[in-house]
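To keep things clear, I will list the structure first and then write my remarks on it.
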Amino acid sequence: MKKLASKFLMAVAAMSLFAAPAMAETIKVGAILAATGPASFLGGPEARTLEMLVEEVNAKGGINGNKIELIIKDSAASPEKAISFAKQLIEEDKVLAIIGPSTSGETMKIKNICEQAKTPLLSCGAAEVIVNPVASYVFKTPQKDSYAVKKIYMEMNKLGIKKIAVLAGNTGFGKAGKGQLLKIAPEFGIEIVEVEVYDKKSNDLSAVVAKIKANKEVQAVINWSIVPAQAIVPKNMRQAGWDVPLFQSHGFGNIKYVEAAGAAAEGIIFPAGRLLIADTLSADNPQKELLMAYIKNYEAKFKEPASTFGGHAYDAFTILMAAIEVAGNDRDKVRSAIENMKGFPGTGGVFTFSAEDHNGLDIDAFQMMIVKDGKFVAYEK
Amino acid sequence: MFDVGRSSFIFLTKMTSELFVQYLLAGITYGSIYAIVAIGFNIIYNTTGIINFAQGEFVMFGGMIAITLLQFMPLPLAIILAVILTMIIGAGIEICFIRWLKAPSVLRLVIITIGISILSREVAVHVWGESIRSLPYFVGNEITSISILGARISPQVLWVVAASGLMFICLGIFFKTTSVGREMRACASNRKAATLCGINTENMVTLSFVLSAGMGALAGCMMSPITYSQYDMGTGLAIKGFTVAILGGLGSSGGAVAAGLLLGVIEAFSVSVVPLAFQDAIAIAILLIILFIRPQGLFGSKEASALKEF
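Quick mapping for you: the protein sequence lines, in order, are chains A and B.
Numbered according to our numbering, the first sequence spans residues 1 to 381.
Numbered according to our numbering, the second sequence spans residues 1001 to 1310.
Okay, structure coming up:
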């Protein structure tokens, strides 16, 4: 028995000896994503995108000859788990930077942890509060929700819509969106006559649709959520025989929701990144080439349609890699390399960061889309 | 906007008859789904004295399996096969996890069923992934609606209500008239006496799992077009179903139906008075009040509940 144990110890020692030089050449990157749980439609594509990209980078020999080691943690959209994973990644794994979390609520919980540990965080959460006020180590890749709201209101002005109803899920994304919708409405002369918040687990909203339908003043409805309710609201509205225009948030950028809502999805208008209409972009668009390549590779590998959410992780990863390429394995240098990045094309738009702007996208990163014959097409009116 | 006073004013003055019917129908839809889950709880409770917290997962399995099978066969066949497969899963769970326990404590059984529930969810997320899926509407599509007394609803609602009603009636007939049904009831009222009379109580317990799995699966198929199916849908349903089972008096199927409809209708109408976000709070508040005033449930008898260990 003793002999066996000592042999085992020797084997372990030998293995660690051989492994040691290889470890020195890898750069560790952490990721906290909601790969399962209620926000899995965000975290799932994000995690898969990162796996694919790491494979690609390492197959090409890594960044400046250094291999990338990606440690993905599944938070299941729980802020508590996000906090403990963030601490684990920073203190135990000593990662260079963290990609994620998938949701705004989780990001806000670990914003200060990363800031204090001076570890760059590239969030895939959408809410503006992540980068406003700016924390020097915290960045985010999805477009700001205030731009999405403005884009929708601009469209409503064109259509002559004045009185609207707002529905929102009770998630971090839904609450932040509702806040922006209420705050910005007066700037565009729009009056919100009904507001309802529903639980993120709701699976039938026909009662609340009946309630807001009873208010005859409502000319259009905005539904702001990231949950399956995005497909349930349109169904309940159309089943109630109510055909006012329905606007949704940029969280609708997944063709699965259109499939889930079926015929009821027709005519839904929403702002989103150009990934969804990549094939119709002109050839000189700076995003065209990378979008087409990303969509092709992702769909070939995972046999499911690419979504803008996976695109957020794509942007976070490529920005980080570009920063590592110039700054090496150093947290502070990587941070300033990201902050000084200009005109970097990604799936969400063309990123130009600065000390004041840690999102790097402007309102033109959004394009209004409409669902037509079960597909996303650019909405021009 | 969230001013309750103003909202209830609207409730009293502007509640048109269409709106009233609309809320009522929405309430009946939720209510009949809750009732079916609650009856599933009751069947197992009656034969084993435990609450099967994996009941919601049977509903999920039914919907998910039917959606998968739909790729290979027509809808009615897919639903029937999904129900049968879920029944087999139910039997398998009982045989693997419950049957071999000798006189287990209630707490132990509760923990086991919670474990089964978590296990089922993990299996489902690995098999079907995290995305939402749904069966197609049985009649028409997502925008088809029919008009009842001025209110407009999806025809699928009628399927849900009809299937729930049919299941309730068939179950009643099964328990009253068939010998197996009578044996199950004997097992429910006194397991020891039933054993002494030569009834194989172990098989009755398996059968109760099969029955409640089948009912859950059928409900899962019927509601899938309306509410979608997702690997983690079971938990929420189990909580509502459990509330209803307690509310109606544990073990009483008629009570479950009445309590299910009551809770569904209260939830639907509560939307017009308080913000939607408080919908679940209302349900739980009612549960608490009833448990304080009538611990045996609305329709349960005090003597019967005193004899039960849980």
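A virtual CB, placed ideally from N, CA and C, is assigned to each residue, including glycine.
Counting only beta-carbon separations shorter than 7 Å, does residue 214/A have a partner in chain B?
yes
Quick check: what's the CA-CA separation for residue 240/A versus residue 1149/B?
13 Å
Straight-line Cα distance separating residue 304/A from residue 376/A:
16 Å
Which runs of the beta strand (DSSP E), 3 residues or longer, sit entirely within the stretch 1090 to 1155 of chain B?
1146 to 1148 and 1151 to 1153
Could you pull the start and end residues of the alpha helix (DSSP H) that residue 1035/B belongs to?
1017 to 1048
State yes or no: is the beta carbon of residue 380/A nearer than 7 Å to at least one beta carbon in chain B?
no
With DSSP as the reference, identify every bridge partner of residue 51/A, one or two as the case may be.
Its beta-bridge partners do not exist; DSSP assigns none.
If contact is defined by three or more beta carbon pairs under 8 Å, each pair taking one atom from either stretch, is the stretch 1229 to 1246 of chain B in contact with the stretch 1164 to 1174 of chain B?
no
Give me the residue from 292/A, 334/A and 149/A with the minimum Cα distance to residue 224/A.
149/A
Apart from the five residues just before and just after residue 312/A, which ones in its own chain have a Cβ nearer than 6 Å to its Cβ?
124, 141 and 142
Cβ separation of residue 324/A and residue 341/A, assumed to be a contact under 8 Å, to the nearest whole Å
That pair is no contact at about 12 Å.
When you compare only the Cα positions, how much space is there between residue 1220/B and residue 1079/B?
10 Å
Proximity to residue 156/A [Cα-Cα], best of 137/A, 192/A and 177/A:
192/A
Taking the alpha helix (DSSP H) that residue 420/A belongs to, which residues open and close that run?
Here chain A comprises residues numbered 1 to 381, so residue 420/A is not present and cannot be evaluated.
What residues in the stretch 1271 to 1294 of chain B bring their beta carbon closer than 9 Å to a beta carbon of chain A?
1271, 1272, 1275, 1276, 1277, 1279 and 1280
What residues in the stretch 1226 to 1260 of chain B have a beta carbon less than 8 Å from any beta carbon of chain A?
1226, 1227, 1228, 1230, 1232, 1233 and 1236
Along chain A, in chain order, which residues have C-beta atoms closer than 8 Å to that of residue 1029/B?
204 and 206
With respect to the beta strand (DSSP E) encompassing residue 278/A, which residues constitute its N-terminal and C-terminal limits?
Neither: residue 278/A is in no beta strand (DSSP E) and is coded neither H nor E.
So with Cβ pairs under 7 Å, would you call residue 1154/B a contact of chain A?
yes
When 187/A, 177/A and 67/A are compared against residue 196/A, the one with the closest alpha-carbon
177/A
Does any residue of chain A bring its CB to less than 7 Å from the CB of residue 1071/B?
no
Quick check: is the beta carbon of residue 1118/B nearer than 7 Å to any beta carbon in chain D?
This model lacks chain D altogether, as its protein chains are A and B.
Min CB distance residue 1268/B to chain A below 7 Å:
yes
Counting C-beta neighbours from all protein chains within 10 Å, is the total for residue 194/A 16 or more, i.e. buried, or is it exposed?
buried
Which residues in chain A have a C-beta closer than 7 Å to the C-beta of residue 1131/B? List them in chain order.
41 and 256
Per the DSSP calculation, residue 220/A is bridged to which residue(s)?
164/A
Alpha carbons only, please: which of 199/A, 31/A, 188/A and 371/A is nearest the one belonging to residue 272/A?
371/A
Rounded to whole angstroms, what's the CA-CA distance from residue 161/A to residue 184/A? Just pull it up for me.
15 Å
Neighbour list for residue 48/A in chain B, Cβ cutoff strictly below 8 Å:
The premise fails here: residue 48/A is roughly 11 Å from chain B at the closest Cβ pair, so nothing lies under 8 Å.
In terms of residues, what are the limits of the alpha helix (DSSP H) holding residue 1235/B?
1233 to 1248
Please state whether the Cβ-Cβ distance between residue 1042/B and residue 1253/B is less than 7 Å.
yes
For a test of the three-state rule: what should DSSP assign to residue 1229/B, helix, strand or coil?
strand
At the 7 Å Cβ level, is residue 103/A part of the contact set with chain B, yes or no?
no
Since residue 199/A contacts residue 1280/B with CB under 8 Å, what's their CB separation in whole angstroms?
6 Å
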